[in-house]
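Residue numbers (my numbering): 2 to 554. Note that CB positions come from ideal geometry on N, CA and C, so glycine has one too. Note that the structure is predicted; figures quoted are calculated from it, not measured. Here is the structure we will look at, set down as structure tokens.
In structure tokens:
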């Protein structure tokens, strides 16, 4: 394609005033195109040459559109404002110190609402920042975040603080509100029954003063302290708990990993179904209204009278179709895992997950006596001793006592963890009794061999470690915080399987609930990942006494 001919005449030029008037940003929406009659007949000329130089004639174009201003002269696009979730005006939340020490990121989790920090809150943060505890680490993290926000302030006097600091300045775009500090002394009169020198009462006084100073705003106290909220409500001040640390509002909403199929499942999904056999398992490719509700590695079952039951696992979801794979029947003695067979439907689901080499992260929840530890330990020994899939088993748990602590324990790390591993010893005793024909010497040798493949580690020394080809069991995982759970799971190296066991009804860690437990956090975040699975065990198999006690006590 030939190039166009070069221009033979000089183009028309604009004056400086005309150029700046076109380059300036225009308020409001872009105006519609004007007609040609509104345009000037001939544009003015901008002389770029010396006064002595000969000026070239200006050629008036027949049609001229306003030229777009250069990129440097265009107005910068305004940042997109985040649409608030609520319809009403932004609230002003006064944070108690325990909220900041509980969740150091709580400053940035109030969406479009503003945050107010009393000066006594900063004093209490300063008093708790020393030490190596989790509370001290959180206090130091909050201080660093506050320092970064204060450093981004425009003016260096108190007037900048009174205008509020945008919480999104440090990169947290989800926080659209502002942060206010108490910059002046608040003189309030609390009831005579409340001591004036206590920090909680001073915060209550700040909330009462803010409600008097800002009657148009909704001022709310946020505290994790129940007694603090009770006192606030007794004084007529609105108070709320901090809910952003909870993964779920209700423990009943937790993902169970098991779905019961409706009785008309084959009638609604069997018309376009495809089935085939591969590797001793039957696969079904289905499409229908139930497919959007399925997740990868979720177990489904259909038990109808007079028909063969269906027990399957979802292995693939592609668009509007899903693939179901029938399970291996671990209830039969020929498929026993280290002498252990499944006694109910959920235990069969759990053993299918534990023996699957493609599942790297497994969570098992259930009441006491459902067989979580026994099945997990049997699956680990089978894959370490028989299949040689993993090199050893690593067992750890949170050392939170049920009653009063008995003090320091003597010995090495493994000896100190010995009293906490009573459940491990009990299950090893059950597993060793299965080999009845080996005799006493044979059982002793087996116990020594099994003990050599099991290592007991403490959570306190997990930072920085990497587990290669290990079978990691985290017992009593309901007592872990989400941060501790992340620390443990990120220790996994190539070829490592992590199994978390816990009963959400037996949480011993203070300030943890079913909704804020690290086990709940992991189950909710990992659901649907192709290399993870979860089963909630419902039926206890320990003894009739334990089953009855778990129901009535």
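query                                                                                                                                                                                             : result
Report yes if the CB atom of residue 196 is closer than 8 Å to the CB atom of residue 142, and no otherwise.                                                                                      : no
Name the DSSP beta bridge partners of residue 312, please?                                                                                                                                        : 302
Where do the ends of the beta strand (DSSP E) carrying residue 323 lie?                                                                                                                           : 322-327
Taking its Cβ as the centre, do 16 or more other Cβ atoms sit within 10 Å of residue 203, making it buried, or is it exposed?                                                                     : buried
If contacts are defined as beta-carbon pairs under 8 Å, then residue 284 and residue 321 qualify, I think. What distance do you get, rounded to the angstrom?                                     : Contact flag wrong, Cβ pair sits at about 17 Å.
Does the Cβ of residue 554 have 16 or more other Cβ atoms within 10 Å, making it buried, or fewer, making it exposed?                                                                             : exposed
Buried or exposed, going by whether 16 or more other CB atoms sit within 10 Å of the CB of residue 335?                                                                                           : exposed
On the criterion of 16 or more Cβ atoms from any shown chain inside 10 Å, does residue 308 qualify as buried, or is it exposed?                                                                   : exposed
On the DSSP letters alone, give me the boundaries of the beta strand (DSSP E) that residue 277 sits inside.                                                                                       : 275-279
Drop a sphere of 10 angstroms on the beta-carbon of residue 179, count the other beta-carbons inside from all chains shown, and report buried for 16 or more, exposed for fewer.                  : buried
Out of 270, 261 and 319, which one is the CA nearest neighbour of residue 305?                                                                                                                    : 261
Is residue 296 near residue 315, with beta carbons less than 8 Å apart?                                                                                                                           : yes
Straight-line CA distance for residue 537 to residue 258?                                                                                                                                         : 7 Å
Expressed to the nearest angstrom, what Euclidean distance is found between the alpha-carbon atoms of residue 173 and residue 108?                                                                : 10 Å
In whole angstroms, what is the alpha-carbon distance linking residue 68 and residue 7?                                                                                                           : Only weak support exists for where residue 68 lies, its pLDDT of 47 falling under 50; the coordinates are left without a value.
Please classify residue 248: is it buried, with 16 or more other beta-carbons within 10 angstroms of its beta-carbon, or exposed?                                                                 : buried
With a threshold of 8 Å, are at least 3 pairs of Cβ atoms found where one atom belongs to the region 506-519 and the other to the region 371-389?                                                 : no
Please go through the same chain and pick out, in chain order, the residues whose beta-carbon is closer than 6 Å to the beta-carbon of residue 99, but skip the five residues on each side of it. : 225 and 226
Where in the region 477-512 do unbroken runs of the beta strand (DSSP E), each at least 3 residues long, occur, reported from the N-terminal end onward?                                          : 498-503
Are the Cβ atoms of residue 303 and residue 310 separated by less than 8 Å?                                                                                                                       : yes
For a quick check, are the C-beta atoms of residue 281 and residue 542 less than 8 Å apart?                                                                                                       : no
Quick check on residue 129: does DSSP put it in helix, strand or coil?                                                                                                                            : coil
Return the bridge partner residues of residue 167 from the DSSP annotation.                                                                                                                       : 179
Just to confirm, are residue 514 and residue 492 a CB contact at a threshold of 8 Å?                                                                                                              : no
Figure out for me which residue from 532, 426 and 445 has the closest Cα to the Cα of residue 299.                                                                                                : 532
Hey, would you say residue 211 sits closer than 8 Å to residue 220, going by beta carbons?                                                                                                        : yes
Considering just the uninterrupted stretch of the beta strand (DSSP E) at residue 533, what are its terminal residues?                                                                            : 533-538
Taking the alpha carbon of residue 92 as the reference point, which residue from 117, 103 and 101 has its own alpha carbon closest?                                                               : 117
Report the three-state DSSP secondary structure of residue 471 (helix, strand or coil).                                                                                                           : strand
Answer with buried or exposed for residue 131, where buried requires no fewer than 16 other C-beta atoms within 10 angstroms of its C-beta.                                                       : exposed
Spatial neighbours of residue 471 within its chain, please: C-beta separation below 7 Å, excluding the five flanking residues on both sides.                                                      : 391, 392, 393, 395 and 497
Among all the DSSP beta bridges, which residues are the ones paired with residue 341?                                                                                                             : 338
Closest to residue 484 by CA distance: which of 214, 193, 246 and 177 is it?                                                                                                                      : 246
Quick test of your reading: residue 1 and residue 362, contact by CB under 8 Å. State the CB separation rounded to the nearest angstrom.                                                          : This structure gives no information on residue 1, because the portion of the chain shown stretches from 2 to 554.
Under 8 Å by Cβ, that's how I've got residue 458 and residue 397 pegged, so tell me the actual separation to the nearest angstrom.                                                                : 5 Å
For residue 166, is the classification buried or exposed, using 16 other Cβ atoms within 10 angstroms of its Cβ as the cut-off for buried?                                                        : buried
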